[in-house]
Each structure stands twice: as C-alpha cells, then as structure tokens.
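A.B. asks: Structure in structure tokens, see below.
Here is the structure:
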C-alpha cells in the first residue's frame, strides 16, 4: 500500500493528465460494469409455465349459450 501511495505521489502529474484520467476512468467503469452485471443479473425462475402445461375447457364462463 505504501508503494502505491509513493507511486501516486511521484507520478501525480502523469496520473491526472488527460491520458491518466482516461485510463483510471476506464478501469473504474469496467469494475462498475462487472459488479453491476453480477448484481442486476436476472435470476432464472425454476417454475416456468409453458403452453404444454396449460389446458382449457370448452365452456366460456359468463356468456349465454344460444341454441
């Protein structure tokens, strides 16, 4: 940790120049994207309803039958 802080203090002008800001922001954006992907990933439901599971009767409830 001390080595990292020493490197930042020695290279402060390079780190916060245009290229340094781009590299640091890209690194942070990649970390946020990875964490967001795992956090907001939709969980697959184990109880899926498919059309083969559904059956319908012939009567329609609430309508008058004529004839």
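In this note's numbering, the protein residues as written are 468 to 534.
Ideal placement from N, C-alpha and C gives every residue a C-beta, glycine not left out.
1) Determine whether the beta carbon atoms of residue 481 and residue 487 lie at a separation below 8 Å.
2) According to DSSP, is residue 506 helix, strand or coil?
3) So residue 476 is in the alpha helix (DSSP H); what residue range does that whole segment cover?
4) In whole angstroms, what is the alpha-carbon distance linking residue 505 and residue 490?
5) Do you know offhand how far residue 498's Cα is from residue 507's?
C.D. replies: A quick look at the data gives this:
1) Along the chain shown, read from residue 1 onward, the residue named residue 481 stands at position 14. Along the chain shown, read from residue 1 onward, the residue named residue 487 stands at position 20. Result yes, Cβ atoms of residue 481 and residue 487 sit closer than 8 Å.
2) For the purposes of this step, residue 506 is identified with residue 39 of the chain shown, where counting begins at 1. Of the three classes helix, strand and coil, the one that applies to residue 506 here is helix, per DSSP.
3) Taking the chain shown and counting its residues from 1, the one referred to as residue 476 is at position 9. Segment 469-477, the alpha helix (DSSP H) holding residue 476.
4) The sequence position of residue 505 within the chain shown is 38, counting from 1. The sequence position of residue 490 within the chain shown is 23, counting from 1. Approximately 23 Å, taken between the alpha carbons.
5) Numbered from its first residue, the chain shown carries residue 498 at position 31. Numbered from its first residue, the chain shown carries residue 507 at position 40. Going from the Cα of residue 498 to the Cα of residue 507 covers about 14 Å.
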